[in-house]
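Student: Below is the structure I would like to discuss, written out as structure tokens.
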């Protein structure tokens with residue numbers, strides 16, 4: 219579904235490539251988490267995929283086709299929900315369809331109603347974002363990402379600002395949504411436990427600049443409950459990833 223082929227990128231303010239010859243693949247329908255130290259370039263990878271940044275060299279392909287000049291091939295959800303406060307929940311959910319164009323208001327309203335039911339917020343379409351809890355706002359932001367119609371979803375630390383109980387509830391909710399929709403998800407997080415609970419694979423930034431990503435398969439079947447996190451092989455993976463990240467920070 220997503221392929222990087224020898225991709226390089228350099229910020230204007232730097233004298234080196236922060237991403238240097240990076241290649242990796244994400245399969246259709248996978249849920250893959252990307253972890254690494256703060257400032258290592260994880261979000262840069264997302265911005266390259268969504269063409270918010272322009273790569274220096276190499277190729278990025280989605281569904282086997284180069285992304286250059288394309289639109290609508292991915293949905294991007296950043297850390298903050300970025301809901302427009304002057305729009306209702308329904309108005310925020312209509313936004314990606316308005317940008318896409320060619321969809322009648324009646325069809326947009328139908329899709330919004332179906333999506334609100336899908337995320338457990340039926341009847342909340344007329345509310346403003348400031349009337350919602352943090353978890354509800356994140357659900358709306360995720361629903362807006364779904365309504366791009368894209369099969370590839372980029373989720374950049376979407377739960378980092380939530381309190382502990384809300385965050386684990388949102389993790390369980392997201393897994394349920396992924397199990398229903400079978401979208402391809404690339405998920406950035408600093409939380410190792412979150413990464414292994416959600417993902418089929420975890421990609422780790424091994425060094426800076428980013429030359430490659432080390433892939434770890436998560437040894438737990440889907441569907442999952444949080445009880446799987448206490449299994450010996452999951453605990454071993456957790457400690458392995460934490461040790462790897464510690465070595466990166468200290469080098």
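Numbering (the numbering used here), first residue to last: 219 to 469. All C-beta atoms, glycine included, are put in the ideal place defined by N, C-alpha and C. Values in this document were obtained by computation on a predicted structure and should not be read as measured data.
In chain order, what residues of the same chain lie with their CB nearer than 8 angstroms to the CB of residue 436, ignoring the 5 residues before and after it?
Tutor: Your numbering for residue 436 matches position 218 in the chain shown. Around residue 436: 414, 417, 418, 419, 420, 452 and 455.
Student: Can you give the Cα-Cα distance for residue 221 and residue 337, rounded to whole angstroms?
Tutor: The sequence position of residue 221 within the chain shown is 3, counting from 1. The sequence position of residue 337 within the chain shown is 119, counting from 1. When rounded, the distance between both Cα atoms is 30 angstroms.
Student: Quick one, are the C-beta atoms of residue 470 and residue 303 less than 8 angstroms apart?
Tutor: No answer is possible for residue 470: it lies beyond the span of the chain, which begins at 219 and ends at 469.
Student: How far does the beta strand (DSSP E) with residue 219 in it reach, from first residue to last?
Tutor: As a position in the chain shown, residue 219 is number 1, starting the count at 1. Residue 219 -> no beta strand (DSSP E), and no H or E assigned at all.
Student: Can you list the beta strand (DSSP E) stretches of 3 or more residues lying completely in the stretch 324 to 378, in chain order?
Tutor: 370 to 374
Student: How about residue 365 and residue 296: are their beta carbons less than 8 angstroms apart?
Tutor: Locating residue 365 in the chain shown gives position 147, counting from the first residue. Locating residue 296 in the chain shown gives position 78, counting from the first residue. Contact: no.
Student: Should residue 324 go down as buried or exposed, given a rule of 16 or more other Cβ atoms within 10 Å for buried?
Tutor: Along the chain shown, read from residue 1 onward, the residue named residue 324 stands at position 106. Classification of residue 324: exposed, given that the 10 Å Cβ count is below 16.
Student: Strictly by DSSP, which residues pair up with residue 253?
Tutor: Here residue 253 refers to the residue found at position 35 of the chain shown. DSSP output for residue 253 lists 422 as bridge partner(s).
Student: Return helix, strand or coil for residue 321, following the three-state DSSP convention.
Tutor: In the chain shown, the residue the question calls residue 321 occupies position 103. The three-state secondary structure of residue 321, taken from DSSP, is coil.
Student: Quick check on residue 449: does DSSP put it in helix, strand or coil?
Tutor: Position 231 of the chain shown, counted from the first residue, corresponds to residue 449. Three-state result, residue 449: coil.
Student: Among 341, 340 and 408, whose alpha-carbon lies nearest the alpha-carbon of residue 373?
Tutor: The sequence position of residue 373 within the chain shown is 155, counting from 1. Closest by alpha carbon: 408.
Student: Residue 291: which of 308, 269 and 439 sits nearest, CA to CA?
Tutor: Translated into the one-based positions of the chain shown, residue 291 becomes position 73. Nearest of 308, 269 and 439 to residue 291, Cα basis: 269.
Student: If I'm right that residue 253 touches residue 459 with Cβ under 8 angstroms, what's the distance once you round it to whole angstroms?
Tutor: Against the chain shown, residue 253 aligns to sequence position 35. Against the chain shown, residue 459 aligns to sequence position 241. With 8 angstroms as the limit, residue 253 and residue 459 qualify as a contact, their Cβ atoms being about 7 angstroms apart.
Student: Taking DSSP as the reference, what is the three-state secondary structure of residue 393?
Tutor: One-based indexing of the chain shown puts residue 393 at position 175. Residue state, collapsed to three classes: helix.
Student: Taking the beta strand (DSSP E) that residue 431 belongs to, which residues open and close that run?
Tutor: Along the chain shown, one-based indexing puts residue 431 at 213. Where residue 431 is concerned, the enclosing beta strand (DSSP E) stretches over 431 to 435.
Student: Per DSSP, what kind of secondary structure is residue 440 in: helix, strand or coil?
Tutor: For the purposes of this step, residue 440 is taken as residue 222 along the chain shown, with counting starting at 1. Correct three-state label for residue 440: coil.
Student: DSSP on residue 261, reduced to helix/strand/coil?
Tutor: Here residue 261 refers to the residue found at position 43 when the chain shown is read from its first residue. In this structure, residue 261 counts as helix in the three-state DSSP scheme.
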